[in-house]
Amino acid sequence: PDCGKTLTSEASLVTHRRIHTGERPFACPECGKGFMATKSLGKHRRAQHGGGFVCPECGRSLSSHPALVAHRRIHSGERPYECPECGKGFAAVKSLSKHRKSH
1 PDCGKTLTSE
11 ASLVTHRRIH
21 TGERPFACPE
31 CGKGFMATKS
41 LGKHRRAQHG
51 GGFVCPECGR
61 SLSSHPALVA
71 HRRIHSGERP
81 YECPECGKGF
91 AAVKSLSKHR
101 KSH
């Protein structure tokens, strides 16, 4: 359904559409409650279960699953985001975006 709301990104639109569809694809591993966004799941986990997404390598607590995935690249050395101009790899897409401005 189209409610006419204008959003700034495709990701925001996808999340917003879940209000209308009722889709809750992010489930809490502790209690099973579903959420429309990983940010909401992270807030729930901190408030209800005393923590976020914990890195098994170093114990750092992160607020969302995507943040944990990105953080774990520090330990693995994975750099999946490559600059098309110079070939340098980055662990996070934000780092690549910042780097590309230097060319």
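Residues 1 to 103 (full-length UniProt numbering) make up the sequence shown, in order. For glycine and all other residues, C-beta sits at the position ideal for the given N, C-alpha and C.
Asked: In angstroms with no decimal places, state the Cα-to-Cα distance between His71 and Ser9.; Found: 24 Å
Asked: Using the C-alpha atoms, what's the distance from Cys58 back to Ala11?; Found: 30 Å
Asked: Report buried or exposed for Ser42, applying the criterion of at least 16 other Cβ atoms within 10 angstroms of its Cβ.; Found: Here residue 42 is Gly; the residue named in the question, Ser, does not match the sequence. Result: buried.
Asked: Between the C-alpha atoms of Arg18 and Ser102, what's the straight-line distance to the nearest angstrom?; Found: 37 Å
Asked: Who are the near neighbours of Leu62 in its chain, counting only those whose CB is closer than 8 Å to its CB and skipping five residues on each side?; Found: Gly42, Gly52, Phe53, Val54, Cys55, Leu68, His71
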